[in-house]
Every structure is written in structure tokens, then in C-alpha cells.
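In our numbering, the protein residues as written are 1380 to 1640. Encoded as C-alpha cells, the structure appears first; notes follow it.
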Ligand SMILES: [Zn+2]
């Protein structure tokens, strides 16, 4: 009897022990579930929360920049379509690629030709008559353009220094013109008539990003680009970047994080 009683007691104690074990297991399971939810929430916050634009930006193939360090931290992109050339960022390498000569004699980097051609085909199909006036230029050609503009101003009685300063508002210093990259074009119309040229530019403004081009010097962005508005100058950056730049309404400088702070 005593044995049985003890046994019963033992069984009861065993049952209580099992119940305690279940409680511990349930608590442990709850703890793990909460932990998993917590981690998932944090991961979600990191990848899909406020940090998204920065992460997406850093992940795209643009130059790496560190916030707050200004343009000194700017590094050129490895992507040939996103190389920045302006007065603060002179050309690092002389163009050495293949050029394609267009019907009117202008030349462009052969790599942008297919998109340029497709864009012109579509424009012509819509009744417009675009023409590439300027494409690739050597530094020597850029120097000649600047010299001739300086002479023009000196002809109006300006000193060489004054004339040079004025000329630089229209012509870039050799080594700092995007035309030396071979991936931008100055576009007008076949007859260079104001109305038809305006129609071409209006079409370009609404459609060029689909073909990888951006309007490089919008009038309202002169403080950023340092260049007067140029309706005619379009730069190739590739379709993906052109889409983003156009959607955001920014300049190439802003897109690449190369604006002085
Ligand atoms: Zn131009």
C-alpha cells in the first residue's frame, strides 16, 4: 500500500513535472516567435524603411559618394555612360574608342549610335526632321572654338582677359566639354528654322529618356550645371539612368552626387 501510495504520489509529481516542462516549452516557443518577428521587423525596416532610397542609390551603378563630404569625395563611375565632365571635373582620358560618322558629318561614340538612330527614326516617323549639328569634338577643336569666340569679343573692343571671360560663358575650356566624350549631341532641325527646331526639342524633352538621353543643361538648372540653358544639347546616359534622372527632375551632377555642398 505504502508502495502504491508512494507510486501514486510519484506519478502525480511526474505529471506536475511534465506540466511544468510544457509551460517552459510554450514560453520558449513564444520567446522564439517574438524574436523572429522582431528580427524580421528590423530587417524589413532596414531594407524597406526610410533607408531605401540611399540603399537603392548606392546599389545602382553610379559613383560612390559619402554623405556630407562634398565633391572632394566624388569618384567617377566605372560605367562609361555616366562619366561626368564639367568645369570642376575635366576629362580624365582622351577619347580612344570607335566613332560612327553620321549623315551630316558629325561623329559620335559608336556605342550610342543604335539608340540615337532609333530615336531619330521615331521622330521622323512622327513628321519631324531632326539633325545632329555637333557630336564628338577633340580638345584641339574645342580650343579653336574658344579662341574664335575670344577673337569675336576682342573684335568688339574687349581686352583679351575680358573677352576670354565672356567667351567662357559660351564655350567650355578644352578638356571640360562633354563633346570631347563623344556621347552627347547638339540637335536642331534639318532646315534650322526656329519653329521646326522648337518642335524637335519639344519632342526630345518628352521622349529622349526612352532612348537613353537627357536634356543636359536645362535653363532652370544653371546654378547646378554652371552652363546656360541649352535647348539643343542632349547627353547619353543609358536608358535606365535617363529614366531615373528624368523622373526625379535632376541634373547629372545631382544624380551622381557631384554637387558642391
Ligand atoms: Zn553641346
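The beta carbon of each residue, even a glycine, is placed where N, CA and C say it ideally should be.
Taking a contact to mean a Cβ-Cβ separation below 8 Å, would you say residue i touches residue j in this structure?
i: residue 1569; j: residue 1510; result: yes
i: residue 1566; j: residue 1613; result: yes
i: residue 1546; j: residue 1512; result: no
i: residue 1585; j: residue 1596; result: no
i: residue 1523; j: residue 1549; result: no
i: residue 1631; j: residue 1495; result: no
Span of the alpha helix (DSSP H) holding residue i?
i: residue 1494; result: 1492-1504
i: residue 1580; result: 1573-1586
i: residue 1643; result: No statement about residue 1643 is possible, as the shown extent of the chain runs from 1380 to 1640 and does not include it.
i: residue 1486; result: First-last for residue 1486: 1486-1488, but that is the beta strand (DSSP E), not the alpha helix (DSSP H).
i: residue 1634; result: 1631-1635
i: residue 1532; result: 1518-1534
i: residue 1600; result: Run containing residue 1600: none; DSSP gives neither H nor E here.
Of the residues the options, which one's Cα is nearest the Cα of residue i?
i: residue 1621; options: 1531, 1607, 1589; result: 1589
i: residue 1507; options: 1612, 1632, 1580; result: 1580
i: residue 1475; options: 1541, 1560, 1583, 1553; result: 1560
i: residue 1469; options: 1577, 1624, 1455, 1592; result: 1455
i: residue 1592; options: 1409, 1479, 1493, 1473; result: 1493
i: residue 1558; options: 1501, 1499, 1478; result: 1478
i: residue 1576; options: 1518, 1553, 1502; result: 1502
i: residue 1483; options: 1505, 1407, 1460, 1515; result: 1515
i: residue 1635; options: 1518, 1409, 1407, 1460; result: 1460
i: residue 1628; options: 1638, 1599, 1537; result: 1599
i: residue 1556; options: 1534, 1544, 1574, 1517; result: 1517
i: residue 1500; options: 1573, 1638, 1582; result: 1582
i: residue 1626; options: 1571, 1587, 1638; result: 1587
i: residue 1637; options: 1467, 1457, 1404, 1572; result: 1467
i: residue 1530; options: 1521, 1519, 1520, 1542; result: 1542
i: residue 1472; options: 1553, 1573, 1534, 1633; result: 1553
Exposed or buried, residue i, counting other C-beta atoms within 10 Å across all chains shown (16 or more means buried)?
i: residue 1489; result: exposed
i: residue 1611; result: buried
i: residue 1602; result: exposed
i: residue 1551; result: buried
i: residue 1594; result: buried
i: residue 1465; result: buried
i: residue 1606; result: buried
i: residue 1564; result: buried
i: residue 1487; result: buried
i: residue 1402; result: exposed
i: residue 1539; result: exposed
i: residue 1525; result: buried
i: residue 1407; result: exposed
i: residue 1624; result: buried
Any beta carbon from chain D within less than 8 Å of residue i's own beta carbon?
i: residue 1459; result: Here there is only one protein chain, and chain D is not present.
Between which two residues does the beta strand (DSSP E) containing residue i stretch?
i: residue 1564; result: 1563-1568
i: residue 1513; result: 1509-1513
i: residue 1480; result: 1478-1480
i: residue 1614; result: 1609-1615
Could you check whether the Cβ of residue i sits closer than 7 Å to any heavy atom belonging to ligand 3?
i: residue 1492; result: As for ligand 3, it is missing from this structure, which binds only ligand 1.
Self-check item: Check your reading: residues with Cβ closer than 7 Å to ligand 1 heavy atoms
Solution: This criterion selects 1513, 1557, 1558, 1563, 1565, 1609, 1611, 1612.
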